[in-house]
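Novice: First residue of the sequence shown? That's 42 in my numbering, and the numbers climb one at a time after it.
Would you mind keeping the following structure in view while I ask a few things?
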Amino acid sequence: AGVNYGTITKNGDVRNKAYVHITGTNSTGNTNINIGGFVGYLEAGSGPIGGVVEYADADVDMSSLVGQQVGGFVGFMANRPATVDHCTSTGNIKGNNYTGGFIGNTGAYNHTVTNNSSSGTVSGAATVGGFVGQASKGTWTNNTTTCSVSGSGANIGGFAGQINGDVTVSKCSSQGTSVSASGNVCGGFAAIAANGAKISDSFSVTNLLGGTRKRGGMIGHVGAGEVSRNL
């Protein structure tokens with residue numbers, strides 16, 4: 042789906058599956074292309090909530106994209122609060138800024154992201170994460186990534202490039218082989234946690250590679266927020 046306004050869910054016990062190979066786009070590196078392995082743009086519906094995607098899987102090859110807001114499952118979550126639950130993505134993902142193994146970027150809405158996983162490799166420029174490039178608002182619970190992550194710019198994290206805003210993250214993990222960064226700020230779980238972010242009961246098991254400033258086994262840089270009970 043390029044844009045999803047409604048609900049995508051399973052039929053009985055049968056999950057939805059996408060097997061995709063997505064190649065280059067007519068854009069520059071800083072253009073928002075909003076490309077995801079299952080949904081490019083998770084948009085608001087006409088009611089009080091946004092789109093819902095649950096019990097779905099994406100098996101992707103997105104290793105040659107140019108542009109930002111690229112995710113293995115969702116490129117960009119926007120407008121009214123949207124939900125992604127019990128979904129998976131696997132494959133090789135490459136973008137520029139705001140690139141994630143599962144979600145590229147989110148708008149500042151109360152999204153619900155629960156019980157999801159990503160695996161494979163993720164590479165980009167700045168704000169790159171094994172699960173999400175940037176999470177800006179909402180509740181994120183019981184999500185995990187085993188993606189290996191690399192970035193040429195700032196804010197590279199095993200789970201998230203940035204957890205930046207009124208975001209509650211709990212029971213999440215980063216278990217990829219490595220996080221490799223060339224620019225400023227790198228973290229085994231998140232490069233940056235700031236502006237009200239709350240991270241609890243989560244963990245990271247990975248190797249940090251590169252010579253960046255502000256490197257942390259869990260978080261590279263903590264601004265205003267709460268970090269508790271993490272490993």
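Even glycine gets a Cβ: it sits at the ideal position worked out from N, Cα and C.
Taking all protein chains shown into account, do 16 or more other C-beta atoms lie within 10 angstroms of the C-beta of valine 163, making it buried, or fewer, making it exposed?
Specialist: buried
Novice: Taking only runs that begin and end inside the stretch 82-160, name each unbroken beta strand (DSSP E) of 3 or more residues, in chain order.
Specialist: Runs found: 93-95, 97-103, 109-112, 115-118, 124-126, 129-135, 144-147 and 152-155.
Novice: How is the beta strand (DSSP E) around tyrosine 60 delimited, first residue to last?
Specialist: In the DSSP annotation of this structure, the continuous segment of the beta strand (DSSP E) that includes tyrosine 60 starts and ends at 57-62.
Novice: So for leucine 272, helix, strand or coil by DSSP?
Specialist: coil
Novice: Is it true that the CB of glycine 179 sits closer than 8 Å to the CB of histidine 152?
Specialist: yes
Novice: So asparagine 67 is in the beta strand (DSSP E); what residue range does that whole segment cover?
Specialist: Run containing asparagine 67: none; DSSP gives neither H nor E here.
Novice: Just how far apart, CA to CA, sit isoleucine 204 and lysine 212?
Specialist: 15 Å
Novice: Quick one: Cα of aspartate 98 to Cα of isoleucine 260, how far?
Specialist: 29 Å
Novice: Quick one: using the 10 Å Cβ neighbour count with 16 as the cut-off for buried, is arginine 256 buried or exposed?
Specialist: buried
Novice: Between Gly141, Gly148, Asn146 and Val226, which lies nearest to serine 160 when the distance is taken from Cα to Cα?
Specialist: Gly141
Novice: With distances taken from CA atoms, which of Ser189, Ile49, Asn57 and Val125 is nearest phenylalanine 200?
Specialist: Ser189
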